[in-house]
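Number of protein chains: 2
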Amino acid sequence: MSADPTLRREIPDATVARLPEYLRTLTMLAEAGVASVSSEELAASVGVRSAQLRKDLSHLGSYGVRGVGYEVETLALEITRALGLTQDWPVAIVGMGNLGHALASYSGFVTKGFHIVALFDDDPALIGEQVGDVTIRPSWDIEGCARELGIAIGVIATPAPAAQTVCDALVKSGVHAILNFAPSVLTVPAGVEVRRVDLSTELQILAFHAQRRVGLPSPAVVQR
Amino acid sequence: MSADPTLRREIPDATVARLPEYLRTLTMLAEAGVASVSSEELAASVGVRSAQLRKDLSHLGSYGVRGVGYEVETLALEITRALGLTQDWPVAIVGMGNLGHALASYSGFVTKGFHIVALFDDDPALIGEQVGDVTIRPSWDIEGCARELGIAIGVIATPAPAAQTVCDALVKSGVHAILNFAPSVLTVPAGVEVRRVDLSTELQILAFHAQRRVGLPSPAVVQR
DNA sequence: AGACGTTTGTGAAGCCATGCACAAAGCGAG
DNA sequence: CTCGCTTTGTGCATGGCTTCACAAACGTCT
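Here it is in structure tokens:
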């Protein structure tokens, strides 16, 4: 009653991190023609507890029907809205090495709400190359053209030493969200969101767990 | 006094996730010729609070000197040991599309402790291709040769529909640690560790934060 | 040798996230 | 209309992680 539906409520980070999973699963259900789903079923598909799912969704509002469940289409739309995917976000990728190329041609990229509008690299051999329907521009033009292209999200796929410089240029161009694949910690002003994805960090975490297993009775633990 | 140095203590997951960052920073310091570092300095480089760093390190043992700090070489070695990077881990990559190729030729891969020993794909056009010094094998041979190659960590870079099948084959071959780049939730037996890296999830989380900014006074918040 | 300044290691407190358990709410059958 | 079954939404308890604050420990200087 006192809740304003247009009010942007405070959604916990942990919840936000799970919303994309829920959305993806709901999209699959919708494509399979499923019209309604219970928290128990949906939670099982995503791999979380049903109580957690319900609490997460309660942060978006009350879109379920007691005794019935959630309407798939409706819930998917609400999550889409909550994540801000009703609009298209212009994305730029900086660093067109192996990884940059792979990201640029990644099909799942365009799935929903994201649009690659610029590619950058400072290697003269790459500048001018066409990837998809976008031409690679020189990195030193970031500040020159990023703002007028309206880039909202920057993806950094450069070697580590270049990452901070590139990051500064992006921030100066008005980019407030950065996805960093380089193995380096970025320093940014307040208000800029950075997420880091690092292959070797992930491998090292896995190595830790693999090491813990050493000496354990192998088959006994694997199958429960 | 009752602590056995050879005893594998319980290290919190949150701490384990930060250890690779500490290690990378320490390695850089060592290469720069720095011999000793305080928790304050190291924490600043990594982007965490000094108290957190000290508590994290306390889980490994007591390797600092009060009033002085930590010896860079020693601490790096202890973290290396804790993460299980004193030995080499044989890694297999399944799915040699754009991403798989990028991962296979990723230089940071071999940095320390990891060794790509097998590549798999089920596309006949790719089987037999040489990437680096490893030949791509057919996916249906995973169960046949993964165990004898001693693969400890599997990297899944296939399309989503194939991920679970590949995962099952890896698990059946004795792999207990899996890094999943496919946008799908994997079901595994107890004792198998799975970590997921998904580009579109990360982008959607960034979109959420970007959306929150809409309507905010742009320059006022950016610079503090 | 003793006093002083510095920095670690850690108990304690606060905070956030997860899981439990149940009242409230809807639907359908009789 | 009423009863009973199902499932949501949520207060509350639990557990883990982070931050604070300080005693213990070390080097140095006099």
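The listed protein sequences derive, respectively, from chains A and B.
Heads up: the first sequence is residues -17 to 206, going by this note's numbering.
Heads up: the second sequence is residues -17 to 206, going by this note's numbering.
Backbone N, C-alpha and C define an ideal beta-carbon position, used for all residues, glycine too.
This one's a predicted model, so the numbers in the text were calculated from it and none came from an experiment.
Verify the CB distance criterion: does B/His41 have a CB-CB separation below 8 Å to chain A?
As a first step, residue 41 of chain B is located in the second sequence; it is residue number 59 there, counting from the start. Interface residue (Cβ-Cβ distance to chain A less than 8 Å): B/His41 is not classified as such.
What residue range is occupied by the uninterrupted beta strand (DSSP E) comprising A/His97?
As a position in the first sequence, residue 97 of chain A is number 115, starting the count at 1. Counting along the chain, the beta strand (DSSP E) containing A/His97 begins and ends at Phe96 to Asp103.
If you draw a straight line from the C-alpha of A/Ile160 to the C-alpha of B/Gly126, how long is it?
The residue labelled residue 160 of chain A in the question sits at position 178 within the first sequence. The residue labelled residue 126 of chain B in the question sits at position 144 within the second sequence. Taking the straight line joining both Cα atoms gives about 42 Å.
Comparing alpha-carbon positions, which option in A/Val176, A/Ser21 and A/Val76 lies nearest B/His191?
Here residue 191 of chain B refers to the residue found at position 209 when the second sequence is read from its first residue. The shortest Cα separation from B/His191 among A/Val176, A/Ser21 and A/Val76 belongs to A/Val176.
Touch test, the segment 135 to 146 of chain B against the segment 75 to 86 of chain B, Cβ-Cβ under 8 Å, three pairs minimum:
These segments touch.
Quick check on B/Val211: does DSSP put it in helix, strand or coil?
Because residue 211 of chain B is not part of the residues shown, which for chain B are -17 to 206, the question remains open.
Inter-residue CB distance, A/Gly51 and A/Val19 (contact presumed, cutoff 8 Å)
Translated into positions along the first sequence, residue 51 of chain A becomes position 69. Translated into positions along the first sequence, residue 19 of chain A becomes position 37. Contact holds; Cβ gap of about 6 Å.
For the alpha helix (DSSP H) containing B/Ile109, list its first residue and its last residue.
On the second sequence, position 127 is the one that residue 109 of chain B refers to. In the DSSP assignment, B/Ile109 falls outside any alpha helix (DSSP H) and carries neither an H nor an E.
Strictly by DSSP, which residues pair up with A/Pro72?
Counted from its first residue, the first sequence places residue 72 of chain A at position 90. Paired residues: A/His97.
Quick check: what's the CA-CA separation for A/Gly136 versus A/Leu185?
Here residue 136 of chain A refers to the residue found at position 154 of the first sequence. Here residue 185 of chain A refers to the residue found at position 203 of the first sequence. The alpha-carbon atoms of A/Gly136 and A/Leu185 are separated by roughly 25 Å.
So, B/Val116 versus B/Ala100, is the Cβ gap smaller than 8 Å?
Taking the second sequence and counting its residues from 1, one reaches residue 116 of chain B at position 134. Taking the second sequence and counting its residues from 1, one reaches residue 100 of chain B at position 118. In this structure, the beta-carbon distance from B/Val116 to B/Ala100 falls below 8 Å.
So is B/Pro(-6) buried or exposed if we call it buried at 16+ other beta carbons inside 10 Å?
Along the second sequence, one-based indexing puts residue -6 of chain B at 12. Burial check for B/Pro(-6): the Cβ neighbour count within 10 Å stays below 16, so the residue is exposed.
Cβ closer than 8 Å: which chain B residues qualify as neighbours of A/Arg212?
Outside the shown range of chain A, which is -17 to 206, sits residue 212 of chain A, and nothing can be said about it.
Taking Cβ positions, are A/Leu85 and B/Leu181 nearer each other than 8 Å?
Reading the first sequence from its first residue, position 103 is the one you call residue 85 of chain A. Reading the second sequence from its first residue, position 199 is the one you call residue 181 of chain B. Note that the C-beta distance between A/Leu85 and B/Leu181 is below 8 Å.
Could you tell me the alpha carbon to alpha carbon distance between B/Val73 and B/Phe102, rounded to whole angstroms?
To locate residue 73 of chain B, count along the second sequence from 1; it is residue 91. To locate residue 102 of chain B, count along the second sequence from 1; it is residue 120. Their backbone Cα atoms lie some 11 Å apart in a straight line.
Taking the alpha helix (DSSP H) that B/Thr147 belongs to, which residues open and close that run?
For this step, residue 147 of chain B is matched to residue 165 along the second sequence. Here the alpha helix (DSSP H) through B/Thr147 covers Ala142 to Lys154.
Looking at the structure shown, is A/Arg31 part of a helix, part of a strand, or coil, going by DSSP?
In the first sequence, the residue the question calls residue 31 of chain A occupies position 49. Of the three classes helix, strand and coil, the one that applies to A/Arg31 here is coil, per DSSP.
Contact set between A/Gln34 and chain B, taken where Cβ atoms lie within less than 9 Å:
For the purposes of this step, residue 34 of chain A is taken as residue 52 along the first sequence, with counting starting at 1. From the beta-carbon of A/Gln34, no residue of chain B is found nearer than 9 Å; the closest lies around 14 Å away.
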